[in-house]
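Presented below is the structure to which this report refers.
Number of protein chains: 2
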Amino acid sequence: MASKASMEKIVSLAKRRGFVFQSSEIYGGLNGCWDYGPVGVELKNNVKREWWRSSVTERDDMAGVDCTILMHPRVWEASGHVSGFTDPMVDCKTCKGRFRADHLADTPCPQKPSKMVGQHDACELTEARKFNLMFKTFIGPMEDTAAQVYMRPETAQGIFVNFKNVLETSRQKIPFGIAQVGKSFRNEITPKQFTFRVREFEQMEIEFFCKPGSDEEWYNYWKDLRFNWYVNLGIKKENLRLRPHGADELAHYARGCSDVEYLFPFGWSELEGIANRADFDLKQHQQFSGKSLEYTDPQSRERYVPYVIEPSAGADRGTLAFLIDAYDEDTAPDEKGAEETRIVLRFHPRLAPVKAAIFPLTKKDGMPELGEKLYKQLKKRWNVDYDLSGSIGKRYRRQDEIGTPFGITVDADSVKDGTVTVRDRDTMKQERVAAEQIPAYLEQKIEG
Amino acid sequence: MASKASMEKIVSLAKRRGFVFQSSEIYGGLNGCWDYGPVGVELKNNVKREWWRSSVTERDDMAGVDCTILMHPRVWEASGHVSGFTDPMVDCKTCKGRFRADHLADTPCPQKPSKMVGQHDACELTEARKFNLMFKTFIGPMEDTAAQVYMRPETAQGIFVNFKNVLETSRQKIPFGIAQVGKSFRNEITPKQFTFRVREFEQMEIEFFCKPGSDEEWYNYWKDLRFNWYVNLGIKKENLRLRPHGADELAHYARGCSDVEYLFPFGWSELEGIANRADFDLKQHQQFSGKSLEYTDPQSRERYVPYVIEPSAGADRGTLAFLIDAYDEDTAPDEKGAEETRIVLRFHPRLAPVKAAIFPLTKKDGMPELGEKLYKQLKKRWNVDYDLSGSIGKRYRRQDEIGTPFGITVDADSVKDGTVTVRDRDTMKQERVAAEQIPAYLEQKIEG
Chain X
1 MASKASMEKI
11 VSLAKRRGFV
21 FQSSEIYGGL
31 NGCWDYGPVG
41 VELKNNVKRE
51 WWRSSVTERD
61 DMAGVDCTIL
71 MHPRVWEASG
81 HVSGFTDPMV
91 DCKTCKGRFR
101 ADHLADTPCP
111 QKPSKMVGQH
121 DACELTEARK
131 FNLMFKTFIG
141 PMEDTAAQVY
151 MRPETAQGIF
161 VNFKNVLETS
171 RQKIPFGIAQ
181 VGKSFRNEIT
191 PKQFTFRVRE
201 FEQMEIEFFC
211 KPGSDEEWYN
221 YWKDLRFNWY
231 VNLGIKKENL
241 RLRPHGADEL
251 AHYARGCSDV
261 EYLFPFGWSE
271 LEGIANRADF
281 DLKQHQQFSG
291 KSLEYTDPQS
301 RERYVPYVIE
311 PSAGADRGTL
321 AFLIDAYDED
331 TAPDEKGAEE
341 TRIVLRFHPR
351 LAPVKAAIFP
361 LTKKDGMPEL
371 GEKLYKQLKK
381 RWNVDYDLSG
391 SIGKRYRRQD
401 EIGTPFGITV
411 DADSVKDGTV
421 TVRDRDTMKQ
431 ERVAAEQIPA
441 YLEQKIEG
Chain W
1001 MASKASMEKI
1011 VSLAKRRGFV
1021 FQSSEIYGGL
1031 NGCWDYGPVG
1041 VELKNNVKRE
1051 WWRSSVTERD
1061 DMAGVDCTIL
1071 MHPRVWEASG
1081 HVSGFTDPMV
1091 DCKTCKGRFR
1101 ADHLADTPCP
1111 QKPSKMVGQH
1121 DACELTEARK
1131 FNLMFKTFIG
1141 PMEDTAAQVY
1151 MRPETAQGIF
1161 VNFKNVLETS
1171 RQKIPFGIAQ
1181 VGKSFRNEIT
1191 PKQFTFRVRE
1201 FEQMEIEFFC
1211 KPGSDEEWYN
1221 YWKDLRFNWY
1231 VNLGIKKENL
1241 RLRPHGADEL
1251 AHYARGCSDV
1261 EYLFPFGWSE
1271 LEGIANRADF
1281 DLKQHQQFSG
1291 KSLEYTDPQS
1301 RERYVPYVIE
1311 PSAGADRGTL
1321 AFLIDAYDED
1331 TAPDEKGAEE
1341 TRIVLRFHPR
1351 LAPVKAAIFP
1361 LTKKDGMPEL
1371 GEKLYKQLKK
1381 RWNVDYDLSG
1391 SIGKRYRRQD
1401 EIGTPFGITV
1411 DADSVKDGTV
1421 TVRDRDTMKQ
1431 ERVAAEQIPA
1441 YLEQKIEG
C-alpha cells in the first residue's frame, strides 16, 4: 500500500515541524539546496548511523574512510567524469536561455510559454553541446586552468584512490569493502521533487573488492542485503522493488546494475544503485596515476586487479523515503474524547528523531520533579523531549507528528508507587512500567 | 607536560596505521587536503559525536541543523565575507608568482631561493591586492556573475539565516542555541602543519542567542564549558589555555573573543574561538534580506534582536590535538619478557577508534569459538577488533598504537570457567572478568 503522503503534505509537514527548510530561505532560497532543521538533522543522522553500523562497524570485512570533496583533477579524467558526465544543452540566441536538448518537447518557451522551446517562431537554437555537471572552482592563488579543480560528483573515487592505502593499513584481505559517507555535488539543470533531485547531496557508498569470478555471487549478495536494509528499518516491502538495468542503460564496462526503487508519490524512483563495475575503476586509476593497484593473494601469491561491486545509496533520498513511508493519518481521541484526525510518522524506533517524550500530567504534586529526573537520566543515552504544556492529548499529537515512538506520562500514582504510563505511538495502547525500568525498557525496544 | 609527539612522529604513525592519508595521494596529492583512513574516520566521528551529544542531545536549550555548503551569494555580502575575507597578495611580473604581501620577508624567491621575494634584482612586484579566500563556483547552466556562488567558508551563516525557522519550529525560547557540524572551505595561500591549516575542513559551531545584557555572563559560561570539554575528554590541562584576544585582534562589532589554544609541537595554536558577536550577524541579515529577525519575549512581549555567543571549534584541529595529546612512548615487555619501547595512544575510551580487541590465546581448544562469540556480541554495540595472529605481545602492541583501551584474552581457563583476562592499555594491568560480564564492564568503562 503506497504511503498516504502526497509531496505537498510532506513538504508542508517538513517545514512546519523542522525537518527540512529551503536553503538561504530569507534570501529567496537557492535552487536545488535544502537544509535540515532540528528534527530533520536527527533523522538524517540516524539514517547515516544505521548505515555505518550495519555496513562498517558490525562487519569484519569493511573499512571506513572520509575523503575530501576537493580532489586532484586527474581523478576525474581517470574516472571518465571530465569527458562523459554531461547533459546535452542547446542555447536560444533570441532569449539567451539554455535548455536540456533531450527535454525540449517538455520545456515551455520562456517568451511564449504556450509553445515549447524551438516551436515558437522567434526561437533560434544552437546545436546541442555537452554541459558538464561537475561544479568547478580554483584552488590556490591563481585562477587559471592549472588551478582548476572540481567538487566531487560522487564519493566513490575517494575510495578507489585510497584502495592501496587502506589495503596496507587495515589488514583486510580480499574480499573486503571500503565505505564512505559524505557530500557530493552535481550541477543538475532541473532540480526537482523536494530533496530527491538536488545539487548538493550526501552519499553512502561502498566499493566491495572481490576476486574476478566471484563478482556475480557478491553482486547478488549486495542486492539482497541492501534491499533488506530498507525493509528492516521499516519501509513497507510493497513500496520497494529491485529493478535490473536493461542492456541499453548499462555503462560499457558494467557487468550488471540494479536499482533499489521506492514508490514515491511521484512514482517509482531510485534510492540506491548496486553495480558490478568489474575492474574498470582500479584499472583506469592504475593507468592515469602510473601506480599499481594490483592485489596479491597472500596464500597463492596470485596477482590481479580486483573486481568491484558498488552499492551506492543516497542519504537524502533514503531519509525522504523513510519520512514518506512513515507518514500516516488515522484518528485519535482529543481532550474531550471526540475522535479527530491525527498525523503520525511511524518511524522505526532507531530512526525516530526523538525516542521518547516525558509528560508530567500536571505542574504540581511532585510530578515535574519525577519527570525531570527521568528525563535527565534518559537524555544521557538518547534524544528525548520533556513537555509540560497543554493537554496531554495535544502533547501526544505534537510527538506523533515527529514520530516519537514512546510517550511517558508521570501522574499522581507515579509519585506514590514509582510507576509511569508508557504510550505506544502506533497502537496508542498504554502500559504501566516502573520508572526505574524505563531505561531497560527503551533499550530493548529501540536497540534490541 | 607537552606531548612526546613530534609532528614527524604523528604524520608517520597516522599514515602507517590508517589515521590520515594525503588526499589523492596516487596523483601526487592535493595541497591542503587530507583524507581520514579506517581508524581516523572512527576517531573523528567519535569527536563529532561527543560534541553533538554534549552540545545538542544532552541539553534542553539547543537545536541542531545541517545546512548546505552552497548558499545564496547575498549571505556572504551580509556576513562581510565578500568584502572583508581577504589576504593581501602581490604578483611578481618576472616569475608570475603570487605571494602574501604580509609574508614577503619569510618567502624565498622562486628564482633565487637564497633571497626573499622582492630582494632579488629581477623581482618586479605589483601593488598589494586583496585576494578573497572563498572558493567560488557557478550554479545552474550559465557561467556568469549572476550564477556565481561560494563554497561556505564557515558553517555559522547557515545558522543565522535559519534563526527564524528554528525559532518557529523548535519551541525554544531565548536563551537558546543552534548547533551545526559540517565542512567549510578556505582557499588558504599557505596550508601547513598537517591537518591544522587546510583548505577543506570540518567545523562544530554553536550560535547561542541571548538577551542583550546577559551576553557577558553567557560568554563566560561558554568559555569555561568549552575549555573543560577538551579536559574532560582527556587533553592534559597544562597543554590547554584560554587566550583572550587583544583589542587589536577584535572585529569592530565583537565585544570579546577568547581562543582555546593547544600546545601543538609547533607551538600554542587555536582549537576553538569563543566570541561575543553582539547583534552584528542577525542585524546584517535583517538589513540584507529585509526580513525581521527580532525576537519577542513571550512574557514581557519585549522585542529585540538577540545577542550571540559563538563557540566555533575545528573538528580536524580537535582530532589532531586529541591524537597528539594521546601519543606516548614507554616500555613494555616483548614475547620473551625483554623490555622494548612501545608507542601507545592514551585516548579517552569514548574517543578511541576501537574500544576493545579480543585475542584467543591460541587457534585451538575452543578459544577461537569463545572469542568469536564475545566479539560478535560486542560488535553490535561498539567498534571492536578480533585478532588471532602473532604472539600476544605483538597483538597488544598493534592495539596500543591505535589506542584501543581494552585487550580481552581468551585462554584455556576461559573455556573451562567462562572468565577472560582484560588488559588495561595504560597500566598494562590485567584482571579476570566473567565473559558474560564484559558488556556491562565495557559499558561502565566507556560510557559510565
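Protein chains in written order, with our numbering: chain X, 1 to 448; chain W, 1001 to 1448. We treat Cβ as the ideally placed atom computed from N, Cα and C, and that holds for glycine.
query, result
"Residue environment, residue 140 of chain X, which counts as buried when at least 16 other CB atoms sit within 10 Å", "buried"
"Whole-angstrom C-beta distance between residue 18 of chain X and residue 1035 of chain W, which should lie under 8 Å", "Incorrect: roughly 33 Å between the Cβ atoms, too far for contact."
"Cα-Cα separation, residue 394 of chain X to residue 359 of chain X", "11 Å"
"Contiguous alpha helix (DSSP H) assignments of at least 4 residues, all confined to the region 1256-1332 of chain W", "1280-1289 and 1315-1326"
"Touching by the beta-carbon criterion (3+ pairs, under 8 Å), the region 104-113 of chain X and the region 136-153 of chain X", "no"
"Minimum Cβ-Cβ distance from residue 1025 of chain W to chain X less than 8 Å", "yes"
"The region 285-305 of chain X: positions lying closer than 7 Å to chain W by Cβ", "285, 289 and 291"
"Residues of the region 57-68 of chain X with Cβ closer than 8 Å to any Cβ of chain W, in chain order", "57, 58, 60, 63, 64, 65, 66, 67 and 68"
"Near-chain W residues of the region 33-48 of chain X - C-beta to any C-beta below 9 Å", "33, 34, 35, 36, 37, 38, 39, 40, 41, 42, 44 and 45"
"At least 3 beta-carbon pairs within less than 8 Å: the region 1249-1269 of chain W vs the region 1321-1331 of chain W", "yes"
"Rounded straight-line distance, which links the Cα of residue 1145 of chain W to that of residue 98 of chain X", "16 Å"
"C-alpha distance - residue 248 of chain X paired with residue 258 of chain X, whole-angstrom precision", "13 Å"
"Interface residues of chain W facing residue 135 of chain X [CB-CB closer than 7 Å]", "1137"
"Element boundaries [alpha helix (DSSP H), containing residue 399 of chain X]", "392-402"
"Chain W contacts made by the region 170-204 of chain X, where a contact means CB separation under 7 Å", "170, 183, 187, 189, 199 and 200"
"Distance between beta carbons of residue 1255 of chain W and residue 1215 of chain W, contact taken as under 8 Å", "7 Å"
"Cβ neighbour criterion (16 or more within 10 Å) applied to residue 1061 of chain W", "exposed"
"Candidates X:94, X:13, X:310 and X:116, of which the one nearest residue 103 of chain X by Cα", "X:116"
"Buried versus exposed, by CB contacts within 10 Å (16 or more), residue 1333 of chain W", "exposed"
"Beta-carbon proximity of residue 77 of chain X to residue 209 of chain X, cut-off 8 Å", "no"
"C-beta neighbour in chain X for residue 1117 of chain W, strict 8 Å", "no"
"Assigned exposure category for residue 1252 of chain W - 16 Cβ within 10 Å defines buried", "exposed"
"Test item: CB-CB of residue 1409 of chain W and residue 1361 of chain W under 8 Å", "yes"
"In DSSP terms, what residue 203 of chain X is bridged to", "X:182 and X:314"
"Proximity below 8 Å, CB of residue 15 of chain X to CB of residue 319 of chain X", "no"
"Contact set between residue 1489 of chain W and chain X, taken where Cβ atoms lie within less than 7 Å", "The requested residue 1489 of chain W is not part of the displayed model; chain W covers only 1001 to 1448."
"Below-8 Å beta-carbon distance, residue 1237 of chain W vs any chain X residue", "no"
"Chain-order list of residues whose beta-carbon lies under 7 Å from that of residue 1023 of chain W (same chain, five-residue window excluded)", "1029, 1030, 1033, 1034 and 1035"
"Closer than 8 Å at the beta carbon, the chain A residues around residue 1072 of chain W", "Absent here is chain A; the protein component of the structure consists of chains X and W."
"Under 7 Å by beta carbon: chain X residues contacting residue 1141 of chain W", "89, 98, 131 and 189"
"Length at least 4, wholly inside the region 1207-1262 of chain W: the alpha helix (DSSP H) runs in chain order", "1215-1232"
"Per DSSP, cross-strand counterpart(s) of residue 138 of chain X", "X:148"
"Cβ of residue 75 of chain X within 8 Å of any chain W Cβ", "yes"
"Counted within 10 angstroms of its Cβ, other Cβ atoms place residue 1296 of chain W as buried (16 or more) or exposed", "exposed"
"Beta-bridge pairing of residue 177 of chain X - partner residues as DSSP gives them", "X:62 and X:208"
"Buried versus exposed, by CB contacts within 10 Å (16 or more), residue 101 of chain X", "buried"
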